[in-house]
Amino acid sequence: IYGGRSHYSNYGQGLDVVAPGGDISNSLVEGILTTGGAWVSSLWEGLSGGNLEASYSAIDDRGKYVGVNGTSFSAPAVSAVVALMKDADDNKVLTRAQIAELLESSADYNELVVTPEERAEYQQYQSQTGSQISEGEYFFGRGLVNAEVAVDSVVRATR
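The number in the numbering used here is simply the position in the sequence shown, starting from 1, with 488 added.
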């Protein structure tokens, strides 16, 4: 939520784009809100870690949403952006490769943050490998997906 990379996130060469995945390691508020039976008492059976049900109701006083994290939330976000892009291609003229390139070129680093520890890790990686990829690209690929810019790029490309 603050533009940092979650501790469980993939990074390094071969990363195309990034999408929100949440990180509840510091605060439940930094998770991705989702439904999932949080208001069903049996959901909490066998779980430890304090009063989890009360923790989640602090986010949503009705108890119907829960803050979670994981790359499993990032994949459908990217898929949804691609679906919007394909829908904007009224005449279906763009190839899969063109859609992928527009998705990547519309991503950006505007809200992304590299920590001092990550910067040191990147510098060590760069000195050991001689890699020419940028710090941003190392941690975030071509950047954070941007649905509005991606769809606009399809509209411009298919005029």
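Note that the Cβ used here is the ideal one computed from N, Cα and C, for glycine as well.
Query, Result
"Check whether A576 and T646 have beta carbons under 9 angstroms apart", "yes"
"Under 9 angstroms between C-beta atoms of L582 and G491", "no"
"Residues that T522 bridges to, as DSSP identifies them", "V554"
"Simplified DSSP state of D640, which is helix, strand or coil", "helix"
"Assigned exposure category for Y597 - 16 Cβ within 10 Å defines buried", "buried"
"Spatial distance of V554 from D504 (CA atoms)", "29 angstroms"
"Alpha carbon of A542 to alpha carbon of R630, nearest angstrom", "Confidence at A542 is low in this model, with a pLDDT of 48, below 50, so the placement of that residue should be treated as unreliable; the coordinate-derived value is given next. When rounded, the distance between both Cα atoms is 39 angstroms."
"Span separating the alpha-carbon of I512 from that of F561", "13 angstroms"
"F627 versus V570, S594, T523 and P604, residue with shortest Cα-Cα distance", "P604"
"Straight-line Cα distance separating E636 from Q586", "17 angstroms"
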